[in-house]
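Chains as they are written, first to last, in my numbering: chain L, -19 to 667; chain Z, -19 to 667.
For every residue, glycine included, the Cβ atom is placed at its ideal position computed from N, Cα and C.
All values reported here derive from a predicted model rather than from experimental measurement.
Read through the structure below, which is laid out as structure tokens, and then see the notes.
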């Protein structure tokens, strides 16, 4: 490699002064880390990163993740220099409404951003997913002489990311999986928002990562020793059986009068500070957003090199297509995100003649069928495989081949007891492309992954979560494991579908819609206890999110329910008949999908007139949008055999019938037909 | 210490056979870990643990935490043997409805259970909090010759706990804080639910804990080497500046035919397996729940020793009371959980003459006042001190004195970027006694701590969370940091109060009620942006959870809102007047507290008649219980100056007035007075 020269020094200074300008113009943001990490960003982007800025979706590009996402001024500057669709005007619109340079990087908003970061610990965990994505896709598609998929994943991260538990989980797993294609660069600047890391973060980071099985490298003078940075990255790329972390000592806000202190972390530099900074680096203090010609030229050459790399790859792919036409078209299909024709025919259908089984078992059947027709379906469990029932027959584990436990072509993941890491890794897998990832745990422990779940939704990533043991119906494990509030949280999340199927057809519908929703994550809640097959269900009906299961003319009451309680309601309705109370039964397996139906359809399911009573073994919070009265749990669950737990809370056909009767009498006495709760002035919904 | 003899072997065998019996009788549960950890449990309880089983609340007792809570058959057995209020019948009611021996240990349900465990990683993190509690209380109350508070905290944990990020966070901080009073015993049995730990957990645990600054010990033959276990614990107690982890190699399900495999983890042993186990250990295979007399005698002596220890402590406390009467009565007050007389007078009140400031600033003022009158108030931030504004003037940091950064008497915590660990530690602090802990982060990142937040609530622990930057009003940081769904989740949690004060008086009310709620955690959401003081607010009114801020005769519409949007609604109402639309303004700072008011009061605030429109910069999910139409966010927020972000979503006085007008016209056209959404047949609420 050629040595570094004045042009490189100038480029680094340009990045630093631009960072100061970008944050100052916005009068908001974080100049410290961008100024401290300018040297490593320059070395990485100019010497190592393989990318074509004119085609940011090239599948074999290197992935870059800024896990310390608050430093995104740096990332936007690098994207601008490297020729991505990020203009100087975009840099000037940093942190302004509807700009493509928001306060933290968002995938889908800005070309070249691979994953949404900022919430600390997520980026490095996504990077583990991106690295698994490469390892898996490479193992599936590469052939002798055709290294089609061999990119690296680079991640920058700071002290904050290292302190977050999600990063510990993902990095421990990355070490176990021996992901040599993952190179993390730790900005060791010894400063956090509360001041010196001495106040709270004094662990030995290098020893910790060694304990995870990582390769450890070290750069002492990260502020200016470009050659040492280059050597470290080059060394890291030689690793064959371990991810690498490079401990890079830097000075936060390098060049500022306040360099090395926490004042430069999250506030713009003062005007005179920027002026002295520019002077010191040989820039005109009166000029803003200056990019010297030699820096533009340097990065133009970088961009050209990248375009050439993709062109060469296209040639390689052409030869591959000739020799392996089936694999080539399969790779094209998967990268384009097209599902195989007729895949949905694999979804099982059921009649009342089919056995009553737990919906987790129905889910297992569905996964097994889908795994055959969707090779892009990959996933696993956070150490609950035998309970979640997520491992299909004939699945191979994703493991480093040296373990003898599987291979990188394996599609089943052993995530360990690491729910948050699992979901963040799934986000990375979905972002890699060509994959539909799922994770699995008990519904209650999806909450452990809340930080990553919201980013699945915000990032528009198709990530599935198989969430079994979905209620007090899990029985003996008790309230520590029984979700009460979880459904409300997931239903309140924008762009996330929470499904709670009542039987086999609804289970198939939940997978159908989840897999077809290319830009929406889904959480699929399944029961431990057995559920009979409903007479009135079908995949088509359930795929609308809500439908009438059982109807009657002029109902006195409408019962609306989800999951395991739908059957209890059906039994309650039988009891009500004896009292001459007529009831309609509605199943609402997915609020999010039901909400997208036409007003007419929705009102046909939940019309004005009779009172609507919801029944669900959860907090009733949120049911006000669908029902007038709500029967659910007022507090936590209980430990005991599941049928006794249901009985304790009166969630039985008798308990439901009794309440339905009370509701009918109550509103009859009030003597007025009720408006459907769906009616809304603001949403223009009315009969 | 005396050597171990036949009685000890017999006691260990008794624990093992009892564990098999307890789980078999329940036909549900986890026999593997109890049988594997029987030796260490016996050594710890018979030789080290200081406790008086007749007074499980003695403040200077050693704390025992079973972080691998699924092994609770072991804990219940130990409590029974040691003379706590856990009878043989209770053991026989394991995992049955309303028993005191539920599927996972629950504090408050069973004497001798210190914290609720089972959700993995929580217990060890609580243990860090319990250890901090001792260190702090000791530093505050101990005097020369009066080591009143010098207990140890012992925690058992398994592979699962070690994989969870929350444990990484808490253990890293424990190392930083040099908590020598914390002794963790790692049940290294190499088995998880998915099989051998080789499938997902191959990190070097000892090296990892060394990197955190822990003291590392090792017992190779944990199945039978009682002397080595004793030596290790004795050695651990000698540590002066580091927590200790003892790596104890055991065999899961020791004694079972399936010992060492994952089949014994979570399912009862077969009948013939239990028979051979009992035979092997010299027990009658036809007898269940057998406790040999010598084992009863051994533990009777242990209990007696414990009672004597407390008696001696009481003598010590008596002398202390004579020499330090003020400190003694203060310790008694705090341990009893009594608040100082008149503390609430410290709460600031406001009029409209007071400046508009961010409610995070109002919170800072309140904390500063309360810190003076409530010495039991301790807390800190997850590395956002300068943003959360949680550090009061004159606060000292809780740090090991050797750091020169504070002392163990310090009441301010630097939690690091560890939200989940912080909250779990706060749970431990609250469980220790004599303390009212708070944590702080952005509201959005309370979600990172979801696993611990639900346990605050389930465990009835008074833990406060200061959650600033509570909406899109945080502005430039953008949607990655803007909570939309968080309030819905917290409101759906049983036994948790989510507060979102609109001004200074409401802020004071939120602290008033949170601190007086001895058995309920609270999350207090505060704004970054400035809020004017309302004319119609008072501490007393806001303390009811909801109240009328501004009224008018025969309103055409009721606007109900929270936090920063209340003022926007007041301004909208001014605009509506010009259009001859009369509106009532209701503030609802806390749903949970409002829900506990009388039906009459609630209906007086939100009556039948006019339409009710809610306004809140969150997902509208859940508002159906209080309003007919809901104005909020349909999706994620946006990055930009906060007023522009509000404007983007039309959350302005104009936008609100426009919608109110629409709502009035819509329902007028329908021509029917509306039922209050509070009306409920099941809750018997009606006018």
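- When only Cα atoms are considered, residue 457 (chain L) and residue 46 (chain Z) end up about 15 Å apart.
- The three-state reading of DSSP puts residue 198 (chain L) in strand, counting E and B together.
- Exclusion of the five residues before and after residue 628 (chain Z) leaves 618, 620 as the residues of its chain whose Cβ lies within less than 8 Å of its Cβ.
- The alpha-carbon separation between residue 385 (chain Z) and residue 179 (chain L) amounts to approximately 7 Å.
- Contact check between the region 202 to 214 of chain Z and the region 385 to 395 of chain L: fewer than three CB pairs, one atom from each, fall below 8 Å, which does not count as touching.
- Shown here for residue 115 (chain Z): same chain residues with a beta carbon closer than 7 Å to its own, the five before and five after excluded, namely 159, 161, 388 in chain order.
- In the three-state reduction of the DSSP assignment, residue 528 (chain Z) falls in the strand class.
- Per DSSP, residue 60 (chain L) is not a residue of any beta strand (DSSP E); the alpha helix (DSSP H) it occupies stretches across 52 to 61.
- Here the C-alpha atom of residue 466 (chain L) lies approximately 29 Å from the C-alpha atom of residue 50 (chain L).
- The CB of residue 172 (chain Z) comes closer than 8 Å to the CB of 363, 396, 397 in chain L, given here in chain order.
- Collapsing the DSSP output to three states places residue 229 (chain Z) in a strand.
- Within the model, the alpha-carbon separation for residue 97 (chain Z) versus residue 110 (chain Z) is close to 14 Å.
- For residue 614 (chain Z), the number of other beta carbons within 10 angstroms of its own is below 16, and it is reported as exposed.
- Uninterrupted alpha helix (DSSP H) stretches at least 4 residues long and entirely within the region 149 to 226 of chain L occur at 185 to 191, 206 to 217, given in chain order.
- For the region 178 to 189 of chain Z, the residues whose beta carbon sits under 9 Å from a beta carbon of chain L are, in order, 178, 179, 180, 181, 182, 183, 184, 185, 186, 187, 188, 189.
- Within the region 589 to 618 of chain Z, the residues whose Cβ lies closer than 9 Å to any Cβ of chain L are, in chain order, 591, 593, 598, 599, 600, 601, 602, 603, 604, 605, 606, 607, 608, 609, 610, 611, 613, 614, 615, 616, 618.
- Using a Cβ-Cβ cut-off of 8 Å, residue 628 (chain Z) counts as an interface residue toward chain L, since at least one Cβ of chain L sits closer than that to its own.
- Residues 0, 11, 236 of the same chain have their beta carbon placed closer than 6 Å to that of residue 249 (chain Z), with the five preceding and five following residues left out of the count.
- Of all residues in the region 497 to 513 of chain L, none comes within less than 7 Å of chain Z when Cβ atoms are compared.
- Between residue 595 (chain L) and residue 662 (chain L), the beta carbon gap of about 28 Å keeps them out of contact (Cβ cut-off 8 Å).
- In this structure, residue 368 (chain L) sits away from residue 275 (chain L), with a CB-CB distance that is not shorter than 8 Å.
- Of all residues in the region 58 to 87 of chain L, those with a C-beta nearer than 8 Å to a C-beta of chain Z are 75, 76, 77, 78, 79, 82, 83, 84, 86, reading in chain order.
- Contiguous beta strand (DSSP E) elements confined to the region 511 to 591 of chain L occur at 527 to 530, 537 to 541, 563 to 567, taking only those with 3 or more residues.
- Annotation: residue 590 (chain Z) to residue 605 (chain L) spans about 18 Å, alpha carbon to alpha carbon.
- Think of a sphere of 8 Å around the beta carbon of residue 318 (chain Z): no beta carbon from chain L falls inside it, the nearest being about 27 Å out.
- Residue 30 (chain L) is not bridged by DSSP to any residue.
- Selection L:35, L:60, L:75 evaluated against residue 455 (chain Z) yields L:75 as nearest (Cα-Cα).
- Listed along chain Z, the residues sitting closer than 7 Å to residue 646 (chain L) by beta-carbon distance are 661.
- Not flagged as an interface residue toward chain Z: residue 409 (chain L), since no C-beta distance is shorter than 8 Å.
- Note: residue 665 (chain Z) is bridge-paired with Z:660 in the DSSP secondary-structure output.
- For residue 594 (chain L), the secondary structure class from DSSP, reduced to helix, strand or coil, is strand.
- Residue 521 (chain L) and residue 488 (chain L) have their C-alpha atoms some 11 Å from each other.
- Pairing residue -3 (chain Z) with residue 258 (chain Z) gives a Cβ-Cβ distance under 8 Å.
- Of all residues in the region 472 to 487 of chain Z, the ones placed with a Cβ closer than 8 Å to any Cβ belonging to chain L are 472, 473, 474, 475, in chain order.
- For residue 609 (chain Z), the enclosing beta strand (DSSP E) stretches over residues 609 to 613.
- The C-beta distance from residue 326 (chain L) to residue 353 (chain L) rounds to 5 Å, short enough to fall under 8 Å.
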